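Participant:
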Amino acid sequence: MQVRRWNARSVGYLFAGLLVALAGWGFWWEPASLSTREYDLVLPGWPAAAGDLRIAVLADLHTGSPHNDLEKLQEVVDATNRAHPDLVLLAGDFVAHGVVGGQVVEPEASARVLRALHAPVGVYAVLGNHDWWFDGPRVRHALEGEGIPVLEDRAIPLVFNRMPFWLAGVSDFWEAAHDVRRALTGVDETHPVIIVTHNPDVFPDIPARVTLTIAGHTHGGQVAVPGLGRPVVPSQFGERYAIGHIVEGGRHLFVSTGIGTSILPVRFRVPPEISMITLRSGVPHRQPSL
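Each residue of the sequence shown is one higher than the one before, starting from -8 at the first, in the numbering used here.
(1) Could you tell me the distance, in whole angstroms, from the CA atom of residue 167 to the CA atom of residue 21?
(2) Can you name the start and end residues of the beta strand (DSSP E) that residue 113 belongs to?
(3) What did DSSP end up calling residue 145 once you bin it into helix, strand or coil?
(4) Check the C-beta distance from residue 208 over to residue 189 and give it rounded, since I have them as a contact under 8 Å.
(5) Among all the DSSP beta bridges, which residues are the ones paired with residue 157?
(6) Let me confirm a value: residue 329 is counted as buried when at least 16 other C-beta atoms fall within 10 Å, else exposed. Which label applies?
(7) Leaving out the 5 sequence neighbours to the left and right, which residues in its chain are closer than 7 Å to residue -7 when beta-carbon positions are compared?
(8) Three-state secondary structure (DSSP) at residue 273?
(9) Helix, strand or coil, according to DSSP, for residue 71 in the structure here?
(10) Are the segment 104 to 122 and the segment 154 to 165 in contact at 8 Å, needing three or more beta carbon pairs?
(11) Looking only at its own chain, which residues have a Cβ that is under 8 Å from the Cβ of residue 170, when we skip the five neighbours before and after it?
(12) Quick check on residue 193: does DSSP put it in helix, strand or coil?
(13) Would you check if the distance between the CB atom of residue 255 and the CB atom of residue 34 is smaller than 7 Å?
(14) Taking residue 138 as the reference, give the member of 99, 229 and 158 with the closest Cα.
(15) In whole angstroms, give me the CA-to-CA distance for residue 57 and residue 96.
(16) Spatial neighbours of residue 282 within its chain, please: CB distance less than 7 Å, with the 5 preceding and 5 following residues excluded, ordered by chain position.
(17) Report the rounded CA-to-CA distance for residue 63 versus residue 75, giving the unit in angstroms.
(18) Can you tell me the Cα-Cα spacing of residue 44 and residue 77, whole angstroms?
(19) Start and end of the alpha helix (DSSP H) containing residue 105?
(20) What's the call for residue 87, buried or exposed, on a 16-neighbour Cβ count within 10 Å?
(21) From residue 293 to residue 107, what does the alpha carbon distance come to, in whole angstroms?
(22) Pick out the complete beta strand (DSSP E) segments inside the segment 188 to 260, 3 residues or longer, and give them in chain order.
(23) If you draw a straight line from the alpha carbon of residue 60 to that of residue 54, how long is it in whole angstroms?
(24) Rounded to whole angstroms, what is the Cα-Cα separation between residue 47 and residue 66?
(25) Note down, in chain order, each residue of its chain lying with its Cβ closer than 7 Å to the Cβ of residue 224, except the 5 sequence neighbours on either side.
(26) Taking the alpha carbon of residue 259 as the reference point, which residue from 250, 31 and 267 has its own alpha carbon closest?
(27) Suppose contacts are defined by Cβ-Cβ distances below 7 Å. Is residue 157 in contact with residue 141 by that definition?
(28) Bridge partners for residue 31 per DSSP, in chain order?
(29) When you compare only the Cα positions, how much space is there between residue 129 and residue 122?
In structure tokens:
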């Protein structure tokens, strides 16, 4: 009987220790981490003549959430610059709003750190729902005041390796017009088009002529439980657009897991990341005949 009591007590200790370890992992170690993750996307709509385009996606920074202060933001900027992207896209939710243990970091302070991002094709942003809940015009003014254009339902022409393409920003699906048609007004249909938006729920409205749509917002659910999936994904489509590269009807979407946290400062098996996307052509490049 003594042995059985000891075994039961040992199991209890082990179980309690496991819970403490999981809590430490989910609430401290993983959300405090940072990695740069590489993705290769082979896209039929990206021209072979342009070569490989490297895009750094910084989504859901939520500066002010636990483990995500201005010092961490500087770490994100430095790591992004070391990756030598051709283009940097900031996919919204710059502020922390309503996260347990968070604090307000003024968007002007965050923008001053973000202005150090470097990319030859440029650095561009869209706003997220948390930015609108805080003060959308103020967040936009802070970013643009530091030289970072905010693309809200508008597009601009860009050039990479002498190949013209378009970058269109679609405003937030929850808190703004998310007017895809307006965003694509004036876009040359003979050129590739990349869309950046915050919430991937707009993806069903994206036309097939768009080469790639890039989004954040979901945080990959923040928690991924083996065998159970992602219990909480802030999307009307559940896990359909939760994470990574999704292809539907020949249309391509990439959703970054982002860097910060919202509501609860927890991440489990969905670590914060700088998403480095390399766009490669799915169409063989034909050399001109001599």
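Beta carbons: idealized from backbone N, C-alpha and C, even for Gly.
The structure displayed is predicted, hence computed values, not measured ones.
Facilitator: Let me lay it out:
(1) The sequence position of residue 167 within the sequence shown is 176, counting from 1. The sequence position of residue 21 within the sequence shown is 30, counting from 1. The alpha-carbon of residue 167 is positioned some 32 Å away from that of residue 21.
(2) Locating residue 113 in the sequence shown gives position 122, where the first residue counts as 1. Taken as a continuous stretch (DSSP letters only), the beta strand (DSSP E) holding residue 113 covers 113 to 116.
(3) Start at 1 with the first residue of the sequence shown, and residue 145 comes out as number 154. Residue 145: strand per DSSP, three-state reduction.
(4) In the sequence shown, the residue the question calls residue 208 occupies position 217. In the sequence shown, the residue the question calls residue 189 occupies position 198. Rounded to the nearest angstrom, the Cβ distance from residue 208 to residue 189 is 5 Å, consistent with a contact under 8 Å.
(5) The sequence position of residue 157 within the sequence shown is 166, counting from 1. Residue 157 pairs with 148 and 184.
(6) With the chain represented from -8 up to 281, any question about residue 329 goes unanswered, as that position is not in the structure.
(7) Translated into the one-based positions of the sequence shown, residue -7 becomes position 2. Because the pLDDT of residue -7 is 48, which lies under 50, any placement of that residue in the model is unreliable, and the question is left without a value.
(8) Counted from its first residue, the sequence shown places residue 273 at position 282. Reduced to three states, the DSSP call for residue 273 is coil.
(9) Here the question's residue 71 lines up with position 80 in the sequence shown. Under the three-state reduction of DSSP output, residue 71 falls in the helix class.
(10) Contact between the segment 104 to 122 and the segment 154 to 165 is present: 3 or more CB-CB pairs across the two stretches fall below 8 Å.
(11) Residue numbering aside, residue 170 sits at position 179 when the sequence shown is read from its first letter. Within the same chain, residue 170 has close Cβ partners 144, 161 and 162.
(12) The sequence position of residue 193 within the sequence shown is 202, counting from 1. Reduced to three states, the DSSP call for residue 193 is helix.
(13) Taking the first residue of the sequence shown as 1, we reach residue 255 at position 264. Taking the first residue of the sequence shown as 1, we reach residue 34 at position 43. Taking 7 Å as the cut-off, the Cβ atoms of residue 255 and residue 34 do not count as close.
(14) For the purposes of this step, residue 138 is taken as residue 147 along the sequence shown, with counting starting at 1. Scanning 99, 229 and 158 for the CA closest to the CA of residue 138 turns up 99.
(15) For the purposes of this step, residue 57 is taken as the residue at position 66 of the sequence shown. For the purposes of this step, residue 96 is taken as the residue at position 105 of the sequence shown. Distance between the alpha carbons of residue 57 and residue 96: 12 Å.
(16) Within the shown structure, residues of the chain are numbered from -8 to 281, placing residue 282 beyond reach of any answer.
(17) Within the sequence shown, residue 63 is the residue found at index 72, counting from 1. Within the sequence shown, residue 75 is the residue found at index 84, counting from 1. Straight-line Cα distance between these residues: approximately 19 Å.
(18) Counting from one through the sequence shown, the residue named residue 44 turns up at place 53. Counting from one through the sequence shown, the residue named residue 77 turns up at place 86. Residue 44 and residue 77: Cα-Cα distance of roughly 6 Å.
(19) Against the sequence shown, residue 105 aligns to sequence position 114. Segment 98 to 105, the alpha helix (DSSP H) holding residue 105.
(20) Position 96 of the sequence shown holds residue 87. A residue is called buried once 16 or more other Cβ atoms fall within 10 Å of its Cβ, and residue 87 is buried on that count.
(21) The chain is shown from -8 up to 281; residue 293 falls before or after that span and cannot be answered.
(22) Annotation: the segment 188 to 260 contains the following complete segments of the beta strand (DSSP E) (minimum length 3 residues), in chain order: 203 to 206, 235 to 239 and 242 to 246.
(23) Reading the sequence shown from its first residue, position 69 is the one you call residue 60. Reading the sequence shown from its first residue, position 63 is the one you call residue 54. The straight-line gap from Cα to Cα measures roughly 6 Å.
(24) Position 56 of the sequence shown, counted from the first residue, corresponds to residue 47. Position 75 of the sequence shown, counted from the first residue, corresponds to residue 66. Spanning the two alpha carbons is a distance of roughly 14 Å.
(25) Working through the sequence shown from its first residue, we reach residue 224 at position 233. Taking C-beta separations shorter than 7 Å and ignoring five residues to either side along the sequence, the partners of residue 224 in its chain run 209, 212, 230 and 233, following chain order.
(26) Within the sequence shown, numbered from 1, the residue matching residue 259 stands at position 268. Checking every option, the nearest Cα to that of residue 259 belongs to 250.
(27) Translated into positions along the sequence shown, residue 157 becomes position 166. Translated into positions along the sequence shown, residue 141 becomes position 150. Contact annotation: residue 157 and residue 141 have beta-carbon atoms that are not nearer than 7 Å.
(28) Residue mapping note: residue 31 aligns to position 40 of the sequence shown, counting from 1. DSSP lists 269 as partners of residue 31.
(29) As a first step, residue 129 must be located in the sequence shown, where it is residue number 138. As a first step, residue 122 must be located in the sequence shown, where it is residue number 131. Computed Cα separation, rounded: 9 Å.
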